[in-house]
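Visitor: Have a look at this one.
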């Protein structure tokens with residue numbers, strides 16, 4: 001019944017609009033052939049915000065990759081390659097970068113992409129993103145030098161210029177026309193004009209429920225094969241739809257019955273059933289594509305403004321127990337892992353985490369007693385509507401209670417949690433103490449974008465951690481360009497982040513995508529990549 005109701009309301013409704021043809025459903029005998037069916041992706045949450053610089057959600061990022069493009073892109077090996085760029089040159093002293101756009105790039109309105117557009121877009125992103133702010137702070141000048149060329153001059157060494165411009169996840173430096181890039185970065189743009197492989201069909205958008213795209217006939221893909229986010233973005237499907245189905249059972253049934261083609265995240269409770277279905281393909285995310293759970297703690301309010309109290313919390317968190325709640329096979333988990341930048345990534349380091357590999361409630365209780373904790377109330381914001389966070393949060397809350405914390409669990413939806421944790425008020429006035437969260441390796445694996453490292457002493461993130469000893473390490477990492485030297489610095493950064501308990505970790509695991517086996521050319525990257533896909537002929 002759930003499936004039939006959802007199909008009648010959403011899938012069949014979208015078919016009535018299908019590819020802009022007709023006003024009603026065609027008779028069964030006249031329906032489009034499978035190759036002409038829209039490609040339907042079920043996203044994890046509904047799309048509400050379209051601007052990838054003003055917005056912070058993963059679904060907004062997924063939307064942006066459909067309609068916008070980037071100067072630099074990450075391939076499947078984690079290497080950064082030219083995308084909108086033809087290439088770049090770096091001066092001998094490493095302080096000047098000269099960029100050239102590849103020919104023939106056009107915005108969706110038919111106007112050419114110019115260097116001025118790209119300069120304005122980078123500056124807008126650089127005023128919003130953590131990595132971008134650091135890059136802009138190190139920049140002396142960023143200017144267009146011709147219609148298709150621009151130059152970035154550094155005032156001081158910055159070793160990750162290309163990494164920053166190729167940042168794959170929130171906030172990604174997507175390019176847009178200069179007139180739109182003039183919009184303040186916290187204010188959404190008023191129209192969606194990109195240069196990417198798909199066009200946004202605004203008139204068919206139902207916020208939170210359905211988003212529709214058409215293939216961009218003006219898009220000129222690169223000549224090389226698609227590889228991760230890099231290479232030729234060839235849009236084979238004339239129409240693509242993002243759909244929202246909140247019920248996990250309905251999601252699984254819709255995929256198995258062929259009413260949808262692709263789930264951004266497979267419902268974990270249904271993994272055994274989906275694995276057995278030969279009509280489906282389960283992604284195999286690892287390393288940077290895995291997810292890390294963590295606990296955001298309010299460093300500015302009692303009791304977590306005191307390091308010994310944070311240390312007691314950290315000792316109470318048994319990653320094996322927290323992640324086990326998902327019932328995943330061993331090959332889909334990586335616990336314990338005390339690398340702030342995730343285990344299995346290029347900057348992975350568990351330095352300083354040796355004592356945390358065997359957590360203990362008894363030791364947590366002893367640490368809490370020694371800390372001088374006075375039974376202060378701990379307000380725990382529990383986002384119960386998140387299928388991934390909800391079960392992990394229950395375990396974290398239970399272990400905190402058993403460790404001796406006076407915890408008050410407030411069960412809310414994620415939208416309310418996200419608003420509440422911006423508050424800097426004490427808990428007696430609507431503030432907060434603890435929020436369980438998850439982040440992907442795309443957000444965690446780079447120190448300059450890592451939520452538990454990069455916001456140190458900036459005052460711009462809700463958790464407000466500040467460790468003076470971490471400042472010079474971040475500055476050294478930022479200035480260094482040699483990969484091996486950077487890795488050595490990351491080891492020291494990891495020690496400090498764990499020692500100060502910036503962002504205690506609750507475990508690394510996979511939450512795979514799943515799609516119909518009839519889809520050919522699917523790029524298993526860690527989040528949906530919808531170019532390069534064809535539907536197999538029957």
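Residue numbers (the working numbering): 1 to 538.
A virtual CB, placed ideally from N, CA and C, is assigned to each residue, including glycine.
#1: If you count every other CB in all the chains shown that lies within 10 Å of the CB of residue 31, and 16 or more means buried, which is it?
#2: Cα-Cα, which of 61, 291 and 370 is closest to residue 509?
#3: With burial defined as no fewer than 16 other Cβ atoms inside 10 Å of the residue's Cβ, what is the status of residue 273: buried or exposed?
#4: Have a look at residue 52 and residue 249 and give me their C-alpha separation to the nearest angstrom.
#5: What is the rounded straight-line gap between the Cα of residue 454 and the Cα of residue 131?
#6: Which residue from 385, 102, 504 and 117 puts its Cα closest to that of residue 319?
#7: Can residue 401 be considered in contact with the ligand PLP, in the sense that its beta carbon sits closer than 7 Å to one or more heavy atoms?
#8: For residue 33, which residues from the same chain have a beta carbon less than 6 Å from its beta carbon, with the 5 sequence-adjacent residues on both sides left out?
#9: When the Cα atoms are used, what is the spatial distance from residue 409 to residue 300?
#10: Would you check if the distance between the CB atom of residue 370 and the CB atom of residue 356 is smaller than 8 Å?
#11: I need the straight-line Cα distance from residue 502 to residue 312, nearest angstrom please.
#12: Looking only at C-alpha atoms, which of 331, 324, 279 and 154 sits nearest to residue 92?
#13: Within the continuous alpha helix (DSSP H) that includes residue 130, where are the two ends?
#14: Use the C-beta contact count for residue 55: other C-beta atoms within 10 angstroms, 16 or more gives buried, fewer gives exposed.
#15: When we look at the beta-carbon of residue 457 and count the other beta-carbons within 10 Å, is it buried (16 or more) or exposed?
#16: Could you tell me the distance, in whole angstroms, from the CA atom of residue 398 to the CA atom of residue 200?
#17: Leaving out the 5 sequence neighbours to the left and right, which residues in its chain are closer than 6 Å to residue 211 when beta-carbon positions are compared?
#18: Note down the Cα distance separating residue 332 from residue 115, rounded to an integer number of angstroms.
#19: Answer with buried or exposed for residue 257, where buried requires no fewer than 16 other C-beta atoms within 10 angstroms of its C-beta.
#20: Which residue comes first and which comes last in the alpha helix (DSSP H) that contains residue 80?
#21: Rounded to whole angstroms, what's the CA-CA distance from residue 349 to residue 343? Just pull it up for me.
#22: Among 82, 531, 163 and 517, which residue has its Cα nearest to the Cα of residue 260?
#23: Taking 8 Å as the threshold (C-beta atoms), are residue 50 and residue 192 in contact?
#24: Evaluate residue 422 with the Cβ neighbour count: other Cβ atoms within 10 Å of its Cβ, from every protein chain shown; 16 or more gives buried, anything less gives exposed.
#25: Quick check: the Cα distance between residue 196 and residue 219, rounded to an integer number of angstroms?
#26: Looking at the strands, I want to know which residues DSSP matches up with residue 323.
#27: Can you confirm whether the region 366–386 touches the region 320–331 when touching is taken to mean that 3 or more C-beta pairs between the two stretches lie within less than 8 Å?
#28: To which residues of the same chain is residue 29 closer than 6 Å at the C-beta, ignoring the five residues directly before and after it?
Guide: According to the structure data:
#1: With a pLDDT of 41 at residue 31, under the threshold of 50, the modelled position of that residue is not reliable, and the figure given next carries that caveat. Per the 10 Å Cβ criterion, exposed.
#2: Nearest C-alpha to residue 509: 291.
#3: Residue environment for residue 273: exposed (fewer than 16 other C-beta atoms within 10 angstroms of its C-beta).
#4: The straight-line gap from Cα to Cα measures roughly 30 Å.
#5: Computed Cα separation, rounded: 8 Å.
#6: For the residues 385, 102, 504 and 117, the minimum Cα distance to residue 319 belongs to 504.
#7: Here there are no bound small molecules, and the ligand PLP is not part of this structure.
#8: Confidence at residue 33 is low in this model, with a pLDDT of 43, below 50, so the placement of that residue is unreliable and no value is reported for it.
#9: Spanning the alpha carbons of residue 409 and residue 300 requires a straight line of approximately 20 Å.
#10: Result no, Cβ atoms of residue 370 and residue 356 do not sit closer than 8 Å.
#11: Residue 502 and residue 312: Cα-Cα distance of roughly 13 Å.
#12: Comparing Cα-Cα distances from residue 92 to each of 331, 324, 279 and 154, the minimum goes to 154.
#13: 130–137 is the span of the alpha helix (DSSP H), which, as asked, contains residue 130.
#14: Under the 10 Å beta carbon count, residue 55 is surrounded by 16 or more other beta carbons and is classified as buried.
#15: With a 10 Å radius around the Cβ and a threshold of 16 neighbouring Cβ atoms, residue 457 comes out exposed.
#16: Cα to Cα, residue 398 sits roughly 45 Å from residue 200.
#17: Excluding the 5 residues flanking it on each side, residue 211 has same chain C-beta neighbours closer than 6 Å at 47, 205 and 242, in chain order.
#18: Residue 332 and residue 115 have their alpha carbons spaced roughly 43 Å apart.
#19: Result: exposed.
#20: Run containing residue 80: none in the alpha helix (DSSP H); it sits in the beta strand (DSSP E), 80–82.
#21: Taking the Cα positions, residue 349 is about 7 Å away from residue 343.
#22: The alpha carbon of residue 260 has as its nearest neighbour, out of 82, 531, 163 and 517, the alpha carbon of 517.
#23: Cβ atoms of residue 192 and residue 50: closer than 8 Å.
#24: By the beta-carbon neighbour count (other beta carbons within 10 angstroms, threshold 16), residue 422 is exposed.
#25: If I take the Cα positions, the gap works out to 7 Å.
#26: According to DSSP, residue 323 bridges with nothing at all.
#27: By the Cβ criterion, the region 320–331 is not in contact with the region 366–386, since fewer than three pairs of Cβ atoms, one from each stretch, lie closer than 8 Å.
#28: With a pLDDT of 36 at residue 29, under the threshold of 50, the modelled position of this residue cannot be trusted; read the value that follows with caution. For residue 29, there are no CB contacts under 6 Å within the same chain when 5 residues up- and downstream are skipped.
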